[in-house]
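These notes concern the structure reproduced below.
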Amino acid sequence: MTDERDPGKTLEDWKAEMQAERETQIAGPNPDEDHRIEGVVQSSYRVYFTYEPEADALERDRREQVDDFGDPELLACVCGVRGVS
Ligand SMILES: [Zn+2]
């Protein structure tokens, strides 16, 4: 392996690297700055429908959360750390 840019490296690889770098920056904040960190987390729901014959349509009945919140993806901080997305 050399240090030359790998032509097989995809955009996704670069994005993943930048994402990891950003998360490191956000997770290790400079103590002299003000920080307010923003992140997102996804959760899945199972959604139930009932069939309404008169309207010939599905009605959303209820939903159940399928999983617990995972680890949030850290996006940005007011101190200037910004995401690429
Ligand atoms: Zn910060």
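So for the sequence shown, the working numbering puts the first residue at 34; every next one is plus one.
Idealized CB from N, CA, C, for every residue including glycine.
Can you tell me whether DSSP reads D46 as helix, strand or coil?
-> Taking the sequence shown and counting its residues from 1, one reaches residue 46 at position 13. Looking at D46 - three-state DSSP - the assignment turns out to be helix.
Using the beta carbon as the reference atom, which residues fall closer than 5 Å to any heavy atom of ligand 1, ordered along the chain?
-> Residue selection by CB proximity (closer than 5 Å to any heavy atom of ligand 1) returns P62, H68, C110 and C112 in chain order.
Nearest to V80 (by Cα), restricted to the options V111, Q98, Q52 and G61 | In the sequence shown, residue 80 corresponds to position 47, counting from 1. With distances taken between Cα atoms, V80 lies closest to Q98.
E54 (DSSP reduced to helix, strand or coil) = Along the sequence shown, one-based indexing puts residue 54 at 21. Three-state result, E54: helix.
A88 - DSSP class collapsed to helix/strand/coil = Mapped onto the sequence shown, residue 88 falls at position 55. The three-state reading of DSSP puts A88 in coil, since its state is none of H, G, I, E or B.
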